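Worksheet for the structure shown next.
Residue numbers (this note's numbering), protein chains in the order written: chain V, 1 to 179; chain L, 1 to 497.
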């Protein structure tokens, strides 16, 4: 059984126990963590971003880590098209060197306004919260609908970053409507 | 129904050809059908698995991001495949994730995904296709397809099959109808010829040979047989003819010998009756003369004795004459007469005979001979003597006293001609044609002794000399016999007839 499988079983158990112990992320974040890994399988990076076959795909978390070690568990031993997947945690934007998927977890809207323009031109799939990045939008924006995690995709932004998003992923994307 | 023995060769051939072509067509169609069935089965499985792979590949994102609405949307695309009647997706843990059913049909889905792969189940094809992303299995796609497409195809296939069978059968019937004629026609022609030959009994007819095949050989053999029959018929005919000829010959021989036998018998009985009658007179005369001689005692009556002795002599001569006639006749009838030719002079010969007959002459009778020069003959003297004695003694016997008898002899062109002419009682005209018959005696001579054999013997003798005899006669005026024969006999001596 793969890690994803284990995670799903874990999620199931967690759901039944409705426990929220210290260090254990909420169900919502666990799903988001799995999604982050899944994005890696539906996005293609330009050749310069992944120059070698064994070059790792790096999933970065900027800001507060809401996943605990969960995200590390999800990607452990996984490979996407022969590339291993690793997780990095960043406190500031300056720490980001090589990164492929960046989960931005800022609570302050102003911070968003800074970070997105700074990352422009870099082949990084930015993932954020649709409720927060209102002005400067990230490429993938999570939101909740009918108790399910859904996401919106900004295909133009991804395209200008040199990323190719699979049509399968695109067809899952929905528009976020502010209630 | 007719038994196979009574069916004509045409129908038999037709039956066989149709049977064979029917069986071949049927077997071929079955083979194609089986082949088609398996091809279609595997095609159906392949099609469904292809669809399954496409749907599964499209469903990866939906499963990965837990979006069953999107999954349902993807499954709805199966509407385009009308024979897929139900489909569903299970997630990683085997829970029903999303489902699809075509139209209003209700199909229960398996509770849990089963083994991957596609298979036939009852009248459906079902399949389980894994949904895999990268190295991870995200879930399972289940699909259920009916076989309406297969049945529809089989329906078309069946129609084509039946059409081909019927068409092929009809074609076979039509072609065999034409082709079997090449076999049946010469057979029928041969049968027709045979029938005609046996009807007309004409074995010179021949059957026409059509081809160089077995039937041709049969025709040739039949013709050879006809030739043999014809030859044998000819042989039988000629043999029959020979037999008939032989039968006719034998019958003739039998008839001849039978006639001869009858004649002999007749002659014998006539001889008995004649002898009993003719012998009585001379015998009575002899008996009475002897009685008288007995009575005449001694010498003085020698004259009377002499008279009686003369009578006895004459009677005995008469008997001897009669017996001689019979002997001659018998000899001739049995062909025992031998010809002994010798040279002699007819003049002298005639005079000797006249001299010999002088004792027989009645009172005043005389025989006048007139010959023509030297007449040397080479003939049987005895036979000729018998002829002349007979004719002359007849002339004496049937002439009255004082009547003259003429004997004329002449030779010209090697042909001797002798005429004996009397002036006697003559032969009645109505009886002249029977004169040379055996035992025939004319009605006007019943009072004169005679056997009726004399002229018959004469005629036979003359024939022995290779000569002829004829006569002219007028009642109460006289008769003239003419005998003609060659001067020199053509026969050698001692030839028996």
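C-beta: ideal position from N, C-alpha, C; glycine also. From a predicted model like this one, the values you see are computed outputs, not experimental measurements.
Test: residue i CB closer than 9 Å to a CB of chain L
i: residue 31 (chain V); result: yes
i: residue 118 (chain V); result: no
i: residue 163 (chain V); result: no
i: residue 148 (chain V); result: yes
i: residue 166 (chain V); result: yes
i: residue 70 (chain V); result: no
i: residue 171 (chain V); result: yes
i: residue 35 (chain V); result: yes
i: residue 52 (chain V); result: no
i: residue 87 (chain V); result: no
i: residue 141 (chain V); result: no
Status (buried if at least 16 other CB within 10 Å, exposed otherwise) for residue i
i: residue 52 (chain V); result: exposed
i: residue 16 (chain L); result: exposed
i: residue 460 (chain L); result: buried
i: residue 100 (chain L); result: buried
i: residue 159 (chain V); result: exposed
i: residue 42 (chain V); result: buried
i: residue 160 (chain L); result: exposed
i: residue 92 (chain L); result: buried
i: residue 251 (chain L); result: exposed
i: residue 139 (chain V); result: buried
i: residue 22 (chain V); result: Below a pLDDT of 50, predicted positions are generally treated as unreliable, and residue 22 (chain V), at 45, falls in that range; no measurement from the model is reported.
i: residue 289 (chain L); result: buried
i: residue 142 (chain V); result: buried
i: residue 470 (chain L); result: exposed
i: residue 39 (chain V); result: buried
i: residue 46 (chain V); result: exposed
i: residue 88 (chain L); result: buried
Host beta strand (DSSP E) of residue i (start-end)
i: residue 83 (chain V); result: 83 to 90
i: residue 142 (chain L); result: 136 to 146
i: residue 117 (chain V); result: Taken as a continuous stretch (DSSP letters only), residue 117 (chain V) belongs to no beta strand (DSSP E), being part of the alpha helix (DSSP H) at 109 to 119.
i: residue 121 (chain L); result: 117 to 121
i: residue 87 (chain L); result: 84 to 91
i: residue 152 (chain V); result: 148 to 153
i: residue 377 (chain L); result: 376 to 380
C-beta atoms of residue i and residue j nearer than 9 Å
i: residue 138 (chain L); j: residue 127 (chain L); result: no
i: residue 97 (chain L); j: residue 77 (chain L); result: no
i: residue 504 (chain L); j: residue 370 (chain L); result: Not covered by the structure: residue 504 (chain L). The range shown for chain L is 1 to 497.
i: residue 380 (chain L); j: residue 399 (chain L); result: no
i: residue 210 (chain L); j: residue 13 (chain L); result: no
i: residue 102 (chain V); j: residue 126 (chain V); result: yes
i: residue 60 (chain L); j: residue 131 (chain L); result: yes
i: residue 444 (chain L); j: residue 427 (chain L); result: yes
i: residue 377 (chain L); j: residue 487 (chain L); result: yes
i: residue 154 (chain L); j: residue 40 (chain L); result: yes
i: residue 90 (chain L); j: residue 113 (chain L); result: yes
i: residue 419 (chain L); j: residue 482 (chain L); result: yes
i: residue 61 (chain V); j: residue 87 (chain V); result: yes
i: residue 83 (chain V); j: residue 57 (chain V); result: yes
i: residue 190 (chain L); j: residue 215 (chain L); result: yes
i: residue 270 (chain L); j: residue 333 (chain L); result: no
First and last residue of the uninterrupted alpha helix (DSSP H) at residue i
i: residue 26 (chain L); result: 9 to 64
i: residue 197 (chain L); result: 181 to 200
i: residue 461 (chain L); result: 454 to 464
i: residue 184 (chain V); result: Because chain V here runs from 1 to 179, residue 184 (chain V) falls outside it and cannot be looked at.
i: residue 282 (chain L); result: 280 to 295
i: residue 67 (chain V); result: That residue, residue 67 (chain V), is in no alpha helix (DSSP H); it is neither H nor E in DSSP.
i: residue 306 (chain L); result: 302 to 333
i: residue 167 (chain V); result: 167 to 172
i: residue 81 (chain L); result: Run containing residue 81 (chain L): none; DSSP gives neither H nor E here.
Integer Cβ distance of residue i from residue j, believed to fall under 8 Å
i: residue 93 (chain V); j: residue 120 (chain V); result: Rounded, the Cβ-Cβ distance is 12 Å, inconsistent with contact.
i: residue 75 (chain V); j: residue 96 (chain V); result: Not a contact, Cβ separation roughly 18 Å.
i: residue 383 (chain L); j: residue 464 (chain L); result: 6 Å
i: residue 411 (chain L); j: residue 372 (chain L); result: 7 Å
i: residue 409 (chain L); j: residue 375 (chain L); result: 6 Å
i: residue 325 (chain L); j: residue 457 (chain L); result: 6 Å
i: residue 132 (chain V); j: residue 109 (chain V); result: 6 Å
is_contact[residue i, chain V] using C-beta, thresh 9 Å
i: residue 61 (chain L); result: yes
i: residue 65 (chain L); result: yes
i: residue 58 (chain L); result: yes
i: residue 134 (chain L); result: yes
i: residue 116 (chain L); result: no
i: residue 70 (chain L); result: yes
9 Å Cβ cutoff, residue i in contact with chain B
i: residue 42 (chain V); result: No chain B appears in the structure shown, which is made up of the protein chains V and L.
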